[in-house]
Every structure is written in structure tokens, then in C-alpha cells.
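J.: Take a look at the following structure, please.
Protein chains: 2
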Amino acid sequence: MVRYKAIIAYDGTNFSGYQHQINGRTVQDEIEKTLSRISNQPIAINGSGRTDAGVHALGQVIDFSLPYKRNLEKLRFALDTQTPADIACKSVVEVPDDFHARYLVKEKVYEFHVDIGKPRSPFRRFYASYYPYPLDLAKIEHALADFLGTHDFTSFCSAKSEIENKVRTIYQADMVLNEAKDELIFTFRGNGFLYNMIRIMVGTLLKIGNGRIPADAIPTIIAAKDRNLAGPTAHPEGLYLKEVRY
Amino acid sequence: MVRYKAIIAYDGTNFSGYQHQINGRTVQDEIEKTLSRISNQPIAINGSGRTDAGVHALGQVIDFSLPYKRNLEKLRFALDTQTPADIACKSVVEVPDDFHARYLVKEKVYEFHVDIGKPRSPFRRFYASYYPYPLDLAKIEHALADFLGTHDFTSFCSAKSEIENKVRTIYQADMVLNEAKDELIFTFRGNGFLYNMIRIMVGTLLKIGNGRIPADAIPTIIAAKDRNLAGPTAHPEGLYLKEVRY
Numbered sequence: 547m548v549r550y551k552a553i554i555a556y557d558g559t560n561f562s563g564y565q566h567q568i569n570g571r572t573v574q575d576e577i578e579k580t581l582s583r584i585s586n587q588p589i590a591i592n593g594s595g596r597t598d599a600g601v602h603a604l605g606q607v608i609d610f611s612l613p614y615k616r617n618l619e620k621l622r623f624a625l626d627t628q629t630p631a632d633i634a635c636k637s638v639v640e641v642p643d644d645f646h647a648r649y650l651v652k653e654k655v656y657e658f659h660v661d662i663g664k665p666r667s668p669f670r671r672f673y674a675s676y677y678p679y680p681l682d683l684a685k686i687e688h689a690l691a692d693f694l695g696t697h698d699f700t701s702f703c704s705a706k707s708e709i710e711n712k713v714r715t716i717y718q719a720d721m722v723l724n725e726a727k728d729e730l731i732f733t734f735r736g737n738g739f740l741y742n743m744i745r746i747m748v749g750t751l752l753k754i755g756n757g758r759i760p761a762d763a764i765p766t767i768i769a770a771k772d773r774n775l776a777g778p779t780a781h782p783e784g785l786y787l788k789e790v791r792y
Numbered sequence: 547m548v549r550y551k552a553i554i555a556y557d558g559t560n561f562s563g564y565q566h567q568i569n570g571r572t573v574q575d576e577i578e579k580t581l582s583r584i585s586n587q588p589i590a591i592n593g594s595g596r597t598d599a600g601v602h603a604l605g606q607v608i609d610f611s612l613p614y615k616r617n618l619e620k621l622r623f624a625l626d627t628q629t630p631a632d633i634a635c636k637s638v639v640e641v642p643d644d645f646h647a648r649y650l651v652k653e654k655v656y657e658f659h660v661d662i663g664k665p666r667s668p669f670r671r672f673y674a675s676y677y678p679y680p681l682d683l684a685k686i687e688h689a690l691a692d693f694l695g696t697h698d699f700t701s702f703c704s705a706k707s708e709i710e711n712k713v714r715t716i717y718q719a720d721m722v723l724n725e726a727k728d729e730l731i732f733t734f735r736g737n738g739f740l741y742n743m744i745r746i747m748v749g750t751l752l753k754i755g756n757g758r759i760p761a762d763a764i765p766t767i768i769a770a771k772d773r774n775l776a777g778p779t780a781h782p783e784g785l786y787l788k789e790v791r792y
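Chains as they are written, first to last, in our numbering: chain R, 547 to 792; chain E, 547 to 792.
Below, the structure is given as C-alpha cells:
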């Protein structure tokens with residue numbers, strides 16, 4: 547068996563999420579179907595982690611093993627063109643047998659896009675969350691810096707999560723306004739993110755920008771370890787898994 | 547009656563085009579339905595011109611008359627939010643009774659987007675045409691300049707067109723490569739464009755860039771007044787009606 551690592555992009559709009567489920571179209575199922583057809587035998591893949599329904603990926607990473615050595619560009623092309631049009635394959639490389647797309651993750655980078663234009667762009671309705679209310683961007687910048695470092699992010703994790711250790715390290719948390727000044731793009735880089743963590747961080751930052759949570763509240767919210775103190779969970783269509791580092 | 551001019555944006559993906567037709571969902575029908583509901587009587591609109599199925603608009607212009615004077619921002623908001631999510635209303639202004647969105651057009655501006663990345667971006671599959679073959683951008687730049695000025699564009703008009711006067715003036719024809727170097731954005735500004743004209747111009751420019759039509763062929767193709775000498779019609783999903791000037 548030969549082990550491969552592939553970088554995948556997908557438009558999450560018409561998926562029930564990355565991970566296989568009984569009902570619903572998933573990215574994992576579509577890729578496994580294609581690899582199994584190419585290989586004439588059932589092939590299973592590992593992803594770097596799941597993404598929710600509507601969430602996009604610019605650089606999701608998967609691994610899988612195939613019975614024969616393949617030409618890498620031919621394999622990439624097959625994965626790219628034989629999967630549905632909302633999945634693309636950016637690269638395929640050979641990796642050692644013990645590579646694992648989920649267990650060996652060192653860092654993940656996410657983007658979150660917020661359409662702040664009036665009106666909402668019809669071209670972004672599936673590709674950015676919409677926030678039409680006044681925003682003080684300086685307050686958001688101030689609050690973003692308070693996420694940096696190692697913290698217990700219980701307050702920024704879905705109450706549904708069953709994971710025990712909620713300590714994560716954030717290396718980068720920033721925001722840019724696009725040239726047309728009608729879209730905010732947040733970037734978060736960390737050693738891992740909890741369930742809904744970025745969406746809750748962004749939901750909280752927008753409330754801070756709108757003046758309904760104080761700009762210096764993040765340290766207090768983190769310290770409280772209480773999901774109820776943070777803001778709402780921002781919509782999935784703004785979220786992009788941008789890069790996974792090993 | 548009070549006459550209004552509105553600037554409309556739409557994602558053309560799920561429309562059979564701008565203009566009313568017996569079968570198929572159209573932009574005109576959706577806007578007329580909304581205005582008629584708001585006004586409790588049938589309201590008809592004029593557009594600056596039709597756009598084909600899959601073609602987008604950033605700045606389509608329409609006009610219509612309503613029986614009462616309306617607050618402009620309330621009317622814009624109603625048109626924006628009561629039409630489906632793939633139509634947005636950017637502005638509404640009052641205009642003189644003799645304003646007409648089609649007859650009084652002075653200039654139109656179109657963009658054409660070409661995804662030249664490998665792989666094709668899943669996020670652009672409805673928003674850019676795809677061209678994966680080698681391109682010499684200098685050849686395209688050279689050929690673009692030959693479109694400028696006043697010419698009979700018979701060679702760049704669908705053979706199906708029944709219009710007699712095919713003389714049009716092009717004021718601007720340029721191309722930029724985006725920052726990621728995986729998308730070409732063409733801009734064309736002229737006093738009018740024939741049916742499929744921009745799509746045939748782009749189809750021809752891509753063949754020139756790929757070396758299959760000489761870079762200096764445009765004047766010869768124009769002079770021949772023969773559709774068969776130009777390149778293929780580029781796909782509709784790359785085309786955007788950007789602005790209409792009066």
C-alpha cells in the first residue's frame with residue numbers, strides 16, 4: 547500500500563458537512579466514492595477534522611492508502627475532475643505510512659468572511675455571513691488581540707461539545723477590510739479549535755464592534771468558562787478552513 | 547404616476563435570463579411580482595437590456611412608474627429584501643417621466659472573469675469561465691487594443707441576431723490578472739454591444755493567448771464581417787453587466 551496526502555477545496559453550500567453521516571451528502575462520501583471507483587476497491591480517507599454544513603474549505607487535508615503507486619499529477623487530476631464540481635483537488639503527494647491527517651495536525655488556519663455592505667451582495671449569500679449594523683472596527687481590533695496566547699476556551703465552545711481539554715493556543719487573530727470596504731475577513735491561526743469556536747469568537751467580536759459587549763470583555767469572558775457570556779454563533783457560510791499545517 | 551430608476555444586482559446562476567419568457571424563472575418577472583405586490587396593482591419594468599441565462603449583473607438599471615410618491619430608501623429596502631436572495635437593489639432614485647432605461651443608454655460596462663487556476667476553483671464554478679490552457683497575456687493585451695474605436699462588429703455577433711446596424715464604438719478594452727494570478731478580469735466599455743459580442747470577443751482573445759489565432763488578427767476578422775472567423779462564444783457564467791451610463 548502507498549499512502550497519499552491530498553489538499554482539497556470545497557464549496558460547502560450543498561454539503562451536510564465534511565464527515566460521513568447516514569443521511570445527507572458529505573465531502574468524505576464523495577471523495578471515498580471517487581477513490582473507490584478509481585481503485586476498484588473500497589478506499590477510506592482521514593480528514594484533518596470535520597467541517598459543518600455550509601462551511602467551506604480552501605485547504606482541507608486528507609490522507610488515504612492505495613494498493614498501487616500512482617503518478618501524482620494523474621491522481622490529482624482524477625480526484626479533481628471525477629469528484630463533483632463543488633470539490634477540487636489542489637495537490638497530491640506521497641507520505642510515509644504513518645502519516646495521519648488528523649492526529650498529526652500542528653496548526654490550523656481559518657478565515658471568516660462577513661459581508662457588511664448595503665445591500666447584501668447576492669454573490670456572497672453563500673460565501674459570507676451578513677452583518678448590516680454599525681461597527682467600530684477599532685474595538686474589534688482591540689478585542690482580537692485578547693484571544694492570542696494559550697487559554698481555556700470553554701466560553702467559546704459549543705455547550706454540546708464533549709471534549710475535555712479546552713485549552714488551545716491562538717498564534718494569529720486579525721481582521722482586514724477589503725478594498726471595496728464592504729467585507730471583513732478575519733484570520734485565525736492556532737494549534738486547534740473547539741467545536742464552533744471561531745463562529746462564537748466572530749459572533750462575539752461583531753457584538754463588540756456594535757457596542758453591545760465592551761471592547762475589553764474578552765479576558766473576563768475567557769476566565770468565566772461560561773458559554774453564555776460570549777456572543778452568538780456566527781453563520782456557517784462565512785467560515786473557511788484555509789490551511790492545515792503538520 | 548411617479549417614475550423611478552433602480553440599480554439592481556443579481557446572481558444569474560438560477561435565472562433563465564433577465565427578460566420575461568413563457569417558461570423559466572427570470573429577473574424581470576421576480577422584480578415585477580415584487581413591485582406589483584407592494585403596489586397592489588400590476589407594475590411593468592424596463593431594463594437597460596436583456597442578459598442571458600447564467601449571466602450576472604452588478605449594475606443592471608431598470609425603470610418603472612408607481613402610482614404614489616415613495617420614500618426612496620424604504621422603496622429600495624423593500625425591493626432588496628422582498629425579492630429573492632439572488633437579486634439585490636443597490637439604489638432607487640426618482641427620474642423625469644420621460645426616462646427610459648433602454649432607449650437612453652449612453653454607455654455600458656461589462657466585466658468578463660476567466661478562472662485560469664489549476665484546479666478550477668469550486669467557488670468560481672458559477673462566477674467565472676474556466677480556461678486551463680497556456681496563455682500568453684502579452685498577445686491578449688496586443689489584441690485587446692484592436693477592438694478600440696468604431697467598427698462594424700458583424701464578426702463578433704451571434705449569427706442569430708436580427709439587428710441591422712452592427713456598428714458599435716468601444717471606449718475601453720482591458721484585462722487585469724488578480725493578485726493570486728489565477729483569474730483574468732476583462733473590462734469592456736462601449737456605446738452598446740451586440741448579442742453575444744463580449745463572449746465572442748473573449749473566446750477569440752483566449753484563442754489568441756493560446757496561440758491558435760495570430761495576435762494581430764483582430765483587424766482582419768473585423769474587416770471580414772464573418773462570424774466564422776472569430777473564436778468560440780465564451781461561457782455565460784463569466785459575464786457581468788457592471789454599469790449602465792445615461
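Built from N, CA and C at the ideal position, the CB exists for glycine as well.
As the structure is a prediction and not an experimental result, all values here were calculated from the model.
(1) Does the segment 684-699 of chain E touch the segment 732-751 of chain E, meaning 3 or more C-beta pairs lie closer than 8 Å?
(2) Quick check: the Cα distance between residue 761 of chain R and residue 661 of chain R, rounded to an integer number of angstroms?
(3) Taking just the CA atoms, how far does residue 572 of chain E sit from residue 766 of chain E?
(4) Counting only Cβ-Cβ distances shorter than 7 Å, please list the residues of the segment 675-706 of chain E near chain R, keeping chain order.
(5) Closest Cβ-Cβ distance between residue 626 of chain E and chain R: below 8 Å?
(6) Using a beta-carbon distance below 8 Å, is residue 666 of chain R in contact with chain E?
(7) Would residue 601 of chain E be called buried (16 or more neighbouring beta carbons within 10 Å of its own) or exposed?
(8) Give a yes or no on whether 8 Å exceeds the smallest Cβ distance from residue 727 of chain E to chain R.
(9) With H, G and I counted as helix, E and B as strand and the rest as coil, what does DSSP make of residue 756 of chain E?
(10) Once DSSP output is grouped into helix, strand and coil, what is the label at residue 547 of chain E?
(11) Return the CA-CA distance between residue 775 of chain E and residue 701 of chain E, expressed in angstroms with no decimal places.
(12) Output, in chain order, the set of chain R residues within a Cβ distance shorter than 8 Å of residue 673 of chain E.
(13) Is the beta carbon of residue 636 of chain R less than 8 Å from the beta carbon of residue 553 of chain R?
(14) Quick one: give me the first and last residue of the alpha helix (DSSP H) that residue 574 of chain E is part of.
(15) So, residue 784 of chain E versus residue 675 of chain E, is the Cβ gap smaller than 8 Å?
(16) Let me know the secondary structure DSSP gives residue 674 of chain R once reduced to three states.
(17) By Cβ distance below 6 Å, which residues in the same chain neighbour residue 716 of chain R in space, the five residues on each side in sequence not counted?
(18) Quick one: residues in its chain with C-beta nearer than 7 Å to the C-beta of residue 771 of chain R, no 5 flanking neighbours on either side, listed in chain order?
(19) Got a sec: is the Cβ-Cβ distance from residue 631 of chain E to anything in chain R below 8 Å?
(20) Check whether the segment 637-645 of chain E and the segment 717-730 of chain E are in contact - that is, three or more C-beta pairs closer than 8 Å.
(21) Would you list, in chain order, the members of the segment 633-658 of chain E that have their beta-carbon closer than 8 Å to a beta-carbon of chain R?
(22) Hey, is residue 598 of chain R's beta-carbon within less than 8 Å of any beta-carbon in chain E?
(23) For residue 634 of chain E versus residue 555 of chain E, is the C-beta spacing smaller than 8 Å?
(24) Run through chain E and tell me which residues come within less than 8 Å of residue 552 of chain R, C-beta to C-beta.
(25) Please classify residue 606 of chain E as buried or exposed, where buried requires at least 16 neighbouring CB atoms within 10 angstroms.
(26) Within 10 Å of its beta-carbon, does residue 627 of chain R have 16 or more other beta-carbons around it, so buried, or fewer, so exposed?
(27) Alpha carbon to alpha carbon, how far is residue 569 of chain R from residue 610 of chain R? Give it in angstroms, no decimals.
(28) Quick one, which of E:665, E:595, E:708, E:768 has its alpha-carbon nearest residue 652 of chain E's?
(29) Looking at residue 657 of chain E and residue 788 of chain E, is the spacing between their C-beta atoms short of 8 Å?
(30) Determine which residues of the segment 550-583 of chain E have a Cβ less than 8 Å from any Cβ of chain R, and write them out in chain order.
(31) What residue range does the alpha helix (DSSP H) around residue 694 of chain R cover?
(32) Please list, in chain order, all residues of the same chain as residue 574 of chain E whose beta carbon is under 7 Å from its beta carbon, the five residues on each side excluded.
(33) So, is residue 790 of chain R buried or exposed, given that buried needs 16 or more other C-beta atoms within 10 angstroms?
(34) Since residue 562 of chain R and residue 599 of chain R should fall inside the 8 Å C-beta cutoff, what is the C-beta to C-beta distance between them, to a whole number of angstroms?
T.: In short, the structure shows the following:
(1) Under the 8 Å Cβ criterion, the segment 732-751 of chain E counts as touching the segment 684-699 of chain E, having at least three qualifying pairs.
(2) Distance from the CA atom of residue 761 of chain R to the CA atom of residue 661 of chain R, rounded to whole angstroms, is 21 Å.
(3) Taking the straight line from one Cα to the other gives about 38 Å.
(4) Residues of the segment 675-706 of chain E that bring their beta carbon within less than 7 Å of a beta carbon in chain R are absent altogether.
(5) Yes, contact with chain R.
(6) For residue 666 of chain R, the nearest beta carbon of chain E is closer than 8 Å to its own beta carbon.
(7) By the neighbour-count definition (other C-beta atoms within 10 Å, threshold 16), residue 601 of chain E is a buried residue.
(8) Residue 727 of chain E does not count as touching chain R.
(9) The DSSP-derived three-state label of residue 756 of chain E is coil.
(10) Here DSSP, grouped into helix, strand and coil, assigns residue 547 of chain E to coil.
(11) Approximately 7 Å, taken between the alpha carbons.
(12) The answer, in chain order, is 669.
(13) In this structure, residue 553 of chain R lies closer than 8 Å to residue 636 of chain R by Cβ.
(14) In the DSSP assignment, residue 574 of chain E falls within the alpha helix (DSSP H) that extends over 573-585.
(15) Result yes, Cβ atoms of residue 784 of chain E and residue 675 of chain E sit closer than 8 Å.
(16) In the three-state reduction of the DSSP assignment, residue 674 of chain R falls in the coil class, being assigned neither a helical nor a strand state.
(17) So the qualifying residues of the chain are 693, 694, 736.
(18) Within the same chain, residue 771 of chain R has close Cβ partners 698, 700, 701.
(19) Chain R contact via Cβ: present.
(20) Contact fails: fewer than three Cβ-Cβ distances are below 8 Å.
(21) Listed in sequence order: 633, 634, 635, 636.
(22) Not an interface residue.
(23) Yes, these two residues count as a Cβ contact at 8 Å.
(24) Simply none; closest approach about 11 Å.
(25) Under this definition residue 606 of chain E is a buried residue.
(26) Exposed, by the Cβ-count rule.
(27) Straight-line spacing of the CA atoms in residue 610 of chain R and residue 569 of chain R works out to 23 Å.
(28) Ranked by Cα distance from residue 652 of chain E, the first of E:665, E:595, E:708, E:768 is E:595.
(29) Their beta carbons are under 8 Å apart, which means residue 788 of chain E touches residue 657 of chain E by this criterion.
(30) Contact residues of the segment 550-583 of chain E toward chain R are 555, 556, 557 (C-beta to C-beta distance below 8 Å).
(31) Per DSSP, residue 694 of chain R belongs to no alpha helix (DSSP H) and is neither H nor E.
(32) The residues 564, 565, 566, 591, 593, in chain order, have a CB closer than 7 Å to that of residue 574 of chain E in the same chain once the five nearest residues on each side in sequence are set aside.
(33) Looking at its Cβ environment, which holds 16 or more other Cβ atoms inside 10 Å, residue 790 of chain R is buried.
(34) Contact holds; Cβ gap of about 5 Å.
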